[in-house]
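There are 2 protein chains.
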Amino acid sequence: MTNSELAFPRVVIVGAGFAGLAVAKKLANQALRVTLIDRHNYHLFQPLLYQVATAELTASEIAVPIRHILKKAQNIEVILDAVNDVDTQNQLVTTESGKQLPYDYLVLAAGARHSYFGHDQWERFAPGLKTIEDAHLIKNRILSAFERAEVEADPELRQALLTFVIVGGGPTGVELAGAVAEIARKSMAHEFRHISPELARIILVDAGPRVLAAFDEKLSRKALADLKSLGVEVLTNTPVEGIDELTVRLGDHNIASETVIWAAGVQASPAAQWLGIKAERGNHIPVDDNMNVAGFDNIFAIGDTASFIPAGSDRPLPGVAAVAKQQGHFVGKFIRAKVLGNKPPLFRYRDYGSMATIGRNKAVVWLNGWRITGFPGWLLWSVVHIYYLIGFPNRFLVAFNWFWNYLTSQRSVRLIFGIEKTKS
Amino acid sequence: MTNSELAFPRVVIVGAGFAGLAVAKKLANQALRVTLIDRHNYHLFQPLLYQVATAELTASEIAVPIRHILKKAQNIEVILDAVNDVDTQNQLVTTESGKQLPYDYLVLAAGARHSYFGHDQWERFAPGLKTIEDAHLIKNRILSAFERAEVEADPELRQALLTFVIVGGGPTGVELAGAVAEIARKSMAHEFRHISPELARIILVDAGPRVLAAFDEKLSRKALADLKSLGVEVLTNTPVEGIDELTVRLGDHNIASETVIWAAGVQASPAAQWLGIKAERGNHIPVDDNMNVAGFDNIFAIGDTASFIPAGSDRPLPGVAAVAKQQGHFVGKFIRAKVLGNKPPLFRYRDYGSMATIGRNKAVVWLNGWRITGFPGWLLWSVVHIYYLIGFPNRFLVAFNWFWNYLTSQRSVRLIFGIEKTKS
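Chains as they are written, first to last, in the numbering used here: chain A, 1 to 424; chain B, 1001 to 1424.
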């Protein structure tokens, strides 16, 4: 490092998800010393994680090593570690491995975990889907349930093993329910001798009045029809009141199920606690129009960590990739402008639309006021997701897997491996 | 099942590796009731497992669900379970989950694990490579070592993190050493800011006088030259005397290394103990010309479980895929002949040759007396391995990954995930 480089301001970015990575890319090869810290060595393309959980894609097809993405950014160092605390007085980030990283600017983009609304004891029985490890756990449970059902003599227990409950009717819940239905009805057909996987029950439960509540009502109804055509039972207005090893307790009845997946709520990382400030509901940090945290003009919070209410609105922007990316780009540009003494940019969120897929030839897309469903929607969903993946190999491999699955209904990743094979 | 089917003889096959799967395929849709039991739900293509450990392939590309392979064999049931014991008196196999499987014919094809020659305490520090879990553990250790070196201030510890020791100069050890060298010299180049991964030391240690001792001397020498050209240090005539967290102890000196991989010895599964018979060295079960276990004319042992010395030879056949497959085909045909009262077949092993790859454009092949090395050897090795993979998608995906790696030196599976990230 030259002497002049040693005088460059330091930026620490916590988290290499969509938000943190967008900041880093904007700061690449600028007159700044940047440290990007993440607890994983890869950037994960979250929107397709449900396909890792449902044996369609492998983790490596939707993840890329962070340092590979930023290989050419000589001013950025990537550190595999996690944050323990922030000393805002001395401008230091403390890591789990005991390092202290000084910063002039700090960007908190540490993401979110699932939340059980105060019922953390449900997690053991109903894992959520945020990490690759989560996806493997869920995949192992789904595949093991069929394996155990095949050798189960007790008909009641066998039915419980063939009953899958997905809690939460947002995009992740809808996508998981559709994929589990396709595994049972198509991929597994004719492979068992004592059970008919086609007869598995897939139940999607939501406390609200409709699935995909963030979409407009017409698309909601279309998604519901698509789910039903795949044989998914949808229970709306049905809050979950209890989950244990064998049972999901609903208002007026119980469902015996060994495999429950949680897709109902998220909660931000403890970034607010690091700063010693009061967070909003879901532990999100409120930020101003510059993504600035009140009281700290050199600390920014973006993505799922933050809660940002645009001027003229009464609701925070949703916790989706598009918001995280746009906030990241903005903060990158903002820090550059500050350092160079230029006029700072203004943040304006552009909502390009939203989409969710239910299964083969089944998707709902809202695009600048247009509604697209069925095969065109599904195709658009596929093209957009391949476009946003990072790198040619991942794009190619995902496209091939989808093409092959489309032709044959085969899922190539039906392996049970790892530590936990079953709940018991 | 019809009444006549209920009278069909029962065959239990333990293990769905190359040997067990070959038996099952020969018995498909015969007048037999077959149960194939394996502790995994997939058949694993072991010869490429080292590429999962070295971030080139994903597990699903070299593994296929067993029940998918045998989908059309209506007389075969596949069970995910492990064997605990065999009651030869009552002809019952007892499983870990407590099931009892009656058999008329029993085929033991339960494979092998690595063996530390009485030093089981070394396993923690020097994992071997037999399962997908092993491969992920080794991959995590290799990738984590570079990550930890990047942030390590102590130069001695940093060097220990960048020193990789592979114990055992057989095909697995040679292939691992070459692949680790290529990761360090090529795939990781320019991605770190504080270390030069190109300067990593890769050391291959063997107690015997040469690497690839099962090949002829010329090919051995060629492999040695190929390893050296990749910058691998090869220490022959060097028995390992101790392994702990930081050190590999050799005769006259120690190597400080955080990442040690064991590729030195195998030991058969406890099948001999299930039968209550005395096993040979390495726990292998001696078998006669029909792969029959002495004293039990309805029990067969094949693959790594068995030790078979062909007539006129003084050495057992090696523990390789070709032997396992040929023994499996033979036992399948033998059981069919016995049940139908036909003339039993004779087993004759056909040795088509052996091959090992060291790296890009580097392989040694012995084929019916021909020696092939360099690019032609490497190409032949690649084509043969793709040919023997099961299913079009896996062949296609592996070929694409190799092609891409050939063009760019990129390894697409450089993710650290799972439970154990580092030793500490």
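For every residue, glycine included, the Cβ atom is placed at its ideal position computed from N, Cα and C.
All values reported here derive from a predicted model rather than from experimental measurement.
Could you pull out every residue in the same chain whose Cβ sits closer than 6 Å to the Cβ of residue 181 of chain A, ignoring the five residues on either side in sequence? Position 181 of the first sequence, counting from 1, holds the residue named residue 181 of chain A. Here the set comprises 202, 230, 231 and 232.
Cβ neighbours of residue 1105 of chain B in the same chain (closer than 7 Å, five flanking residues each side left out): To locate residue 1105 of chain B, count along the second sequence from 1; it is residue 105. Closer than 7 Å at Cβ, skipping near neighbours: 1009, 1011, 1298 and 1335.
Helix, strand or coil for residue 1145 of chain B per DSSP? One-based indexing of the second sequence puts residue 1145 of chain B at position 145. In the structure shown, residue 1145 of chain B sits in a helix (DSSP, three-state: H, G or I).
Assigned secondary structure, residue 74 of chain A (DSSP; H/G/I helix, E/B strand, else coil): Taking the first sequence and counting its residues from 1, the one referred to as residue 74 of chain A is at position 74. Coil at residue 74 of chain A, not helix or strand.
How is the alpha helix (DSSP H) around residue 38 of chain A delimited, first residue to last? For the purposes of this step, residue 38 of chain A is taken as residue 38 along the first sequence, with counting starting at 1. Looking at the DSSP string, residue 38 of chain A is not in any alpha helix (DSSP H); the run it does join, the beta strand (DSSP E), is 33-38.
In whole angstroms, give me the CA-to-CA distance for residue 169 of chain A and residue 1333 of chain B. Here residue 169 of chain A refers to the residue found at position 169 when the first sequence is read from its first residue. Here residue 1333 of chain B refers to the residue found at position 333 when the second sequence is read from its first residue. Using only the alpha carbons, I get a separation of about 54 Å.
Whole angstroms are fine: how far does the CA of residue 1031 of chain B sit from the CA of residue 1280 of chain B? Here residue 1280 of chain B corresponds to residue number 280 of the second sequence, with the count starting at 1. Here residue 1031 of chain B corresponds to residue number 31 of the second sequence, with the count starting at 1. Computed Cα separation, rounded: 35 Å.
Let me check understanding here. Comparing Cα to Cα, which of B/1062, B/1056, B/1213 and B/1119 lies closest to residue 1046 of chain B? Locating residue 1046 of chain B in the second sequence gives position 46, where the first residue counts as 1. Of the listed residues, the one whose Cα sits closest to residue 1046 of chain B is B/1062.
Let me see if you follow: with CB-CB separation under 8 Å, is residue 1058 of chain B close to chain A or not? Numbered from its first residue, the second sequence carries residue 1058 of chain B at position 58. Closer than 8 Å to some Cβ of chain A, the Cβ of residue 1058 of chain B qualifies, so yes.
Tell me whether residue 134 of chain A is buried or exposed, calling it buried when 16 or more other Cβ atoms sit within 10 Å of its Cβ. In the first sequence, residue 134 of chain A corresponds to position 134, counting from 1. Flag for residue 134 of chain A reads buried.
Contact test: residue 1173 of chain B Cβ vs the ligand ZN heavy atom, cutoff 7 Å: Of ligands this structure carries none, so the ligand ZN is not represented either.
Counting pairs of beta carbons, one from the region 349-367 of chain A and one from the region 201-220 of chain A, are three or more of them closer than 8 Å? yes
How close, in whole Å, do the beta carbons of residue 414 of chain A and residue 1065 of chain B come, if the pair is a contact with beta carbons under 8 Å? Here the question's residue 414 of chain A lines up with position 414 in the first sequence. Here the question's residue 1065 of chain B lines up with position 65 in the second sequence. At roughly 5 Å, the Cβ-Cβ gap stays under 8 Å, so residue 414 of chain A and residue 1065 of chain B are in contact.
What is the rounded straight-line gap between the Cα of residue 1235 of chain B and the Cα of residue 1174 of chain B? Counting from one through the second sequence, the residue named residue 1235 of chain B turns up at place 235. Counting from one through the second sequence, the residue named residue 1174 of chain B turns up at place 174. Residue 1235 of chain B and residue 1174 of chain B: Cα-Cα distance of roughly 12 Å.
Do residue 412 of chain A and residue 394 of chain A have their beta-carbon atoms positioned less than 8 Å apart in this structure? Along the first sequence, one-based indexing puts residue 394 of chain A at 394. Along the first sequence, one-based indexing puts residue 412 of chain A at 412. No; because the gap between Cβ atoms is not below 8 Å, this pair is not in contact.
Neighbour list for residue 190 of chain A in chain B, Cβ cutoff strictly below 7 Å: Locating residue 190 of chain A in the first sequence gives position 190, counting from the first residue. Within 7 Å Cβ-Cβ: 1071.
May I have the straight-line CA-CA distance separating residue 254 of chain A from residue 1059 of chain B, to the nearest angstrom? By one-based count along the first sequence, residue 254 of chain A stands at place 254. By one-based count along the second sequence, residue 1059 of chain B stands at place 59. Whole-angstrom Cα-Cα distance: 38 Å.
Could one say the Cβ of residue 1011 of chain B lies closer than 8 Å to chain A's Cβ atoms, at least one of them? One-based indexing of the second sequence puts residue 1011 of chain B at position 11. So, not an interface residue.
Can you tell me the Cβ-Cβ gap for residue 167 of chain A and residue 240 of chain A, rounded? I've got them flagged as a contact below 8 Å. Taking the first sequence and counting its residues from 1, one reaches residue 167 of chain A at position 167. Taking the first sequence and counting its residues from 1, one reaches residue 240 of chain A at position 240. About 5 Å separates the two Cβ atoms, so the contact holds.
Residue closest to residue 33 of chain A, alpha-carbon to alpha-carbon, out of A/101, A/82, A/305 and A/264: The count along the first sequence starts at 1 and reaches residue 33 of chain A at position 33. If we check each option's Cα against that of residue 33 of chain A, A/101 comes out closest.
Can you give me the start and stop residues for the beta strand (DSSP E) that residue 108 of chain A sits inside? On the first sequence, position 108 is the one that residue 108 of chain A refers to. Counting along the chain, the beta strand (DSSP E) containing residue 108 of chain A begins and ends at 105-108.
Tell me which residue opens and which closes the alpha helix (DSSP H) that residue 221 of chain A is part of. Here residue 221 of chain A refers to the residue found at position 221 of the first sequence. Note, residue 221 of chain A: alpha helix (DSSP H), 217-229.
Under three-state DSSP, which class holds residue 1249 of chain B? Here residue 1249 of chain B corresponds to residue number 249 of the second sequence, with the count starting at 1. Three-state DSSP puts residue 1249 of chain B in a strand.
Enumerate in chain order the residues of its own chain whose CB-to-CB distance from residue 193 of chain A is below 6 Å, with the five nearest sequence positions on each side excluded. Walking along the first sequence from the start, residue 193 of chain A turns up at place 193. Answer for residue 193 of chain A: no residue qualifies.
How many Å lie between residue 188 of chain A and residue 146 of chain A at the Cα? As a working mapping, residue 188 of chain A is identified with position 188 in the first sequence. As a working mapping, residue 146 of chain A is identified with position 146 in the first sequence. Approximately 9 Å, taken between the alpha carbons.
By alpha-carbon positions, which one of A/129, A/405 and A/184 ends up nearest to residue 360 of chain A? Counted from its first residue, the first sequence places residue 360 of chain A at position 360. Checked all of A/129, A/405 and A/184; the closest Cα to residue 360 of chain A is A/405.
Using the C-alpha atoms, what's the distance from residue 178 of chain A back to residue 1291 of chain B? In the second sequence, the residue the question calls residue 1291 of chain B occupies position 291. In the first sequence, the residue the question calls residue 178 of chain A occupies position 178. The straight-line gap from Cα to Cα measures roughly 48 Å.
Should the region 1147-1157 of chain B be called in touch with the region 67-81 of chain A, which here means at least 3 C-beta pairs below 8 Å? yes
Pull up the distance between the alpha-carbon of residue 1073 of chain B and that of residue 1197 of chain B, whole angstroms please. What you label residue 1073 of chain B is simply residue 73 of the second sequence in a count that begins at 1. What you label residue 1197 of chain B is simply residue 197 of the second sequence in a count that begins at 1. Between residue 1073 of chain B and residue 1197 of chain B, the C-alpha separation is close to 50 Å.
Which stretch, first to last residue, makes up the beta strand (DSSP E) that contains residue 375 of chain A? As a first step, residue 375 of chain A is located in the first sequence; it is residue number 375 there, counting from the start. That residue, residue 375 of chain A, is in no beta strand (DSSP E); its alpha helix (DSSP H) goes 374-388.
So who's on the other strand from residue 1193 of chain B, going by DSSP bridges? Numbered from 1 along the second sequence, position 193 holds the residue referred to as residue 1193 of chain B. Beta-bridge pairing links residue 1193 of chain B to no other residue.
Any C-beta of chain A under 8 Å from that of residue 1416 of chain B: Here residue 1416 of chain B refers to the residue found at position 416 of the second sequence. Yes, residue 1416 of chain B counts as interfacial toward chain A.
Give me the Cα-Cα distance between residue 1006 of chain B and residue 1339 of chain B, rounded to the nearest whole angstrom. The residue given as residue 1006 of chain B occupies position 6 in the second sequence. The residue given as residue 1339 of chain B occupies position 339 in the second sequence. About 15 Å.
Taking the DSSP output, what are the residues bridged to residue 364 of chain A? In the first sequence, the residue the question calls residue 364 of chain A occupies position 364. For residue 364 of chain A, which the question treats as bridged, DSSP gives the partners A/356 and A/373.
Pick helix, strand or coil for residue 1126 of chain B, following the three-state DSSP scheme. Numbered from its first residue, the second sequence carries residue 1126 of chain B at position 126. It is coil, neither helix nor strand.
Would DSSP call residue 284 of chain A helix, strand or coil? For the purposes of this step, residue 284 of chain A is taken as the residue at position 284 of the first sequence. DSSP places residue 284 of chain A in coil when its eight states are reduced to three.
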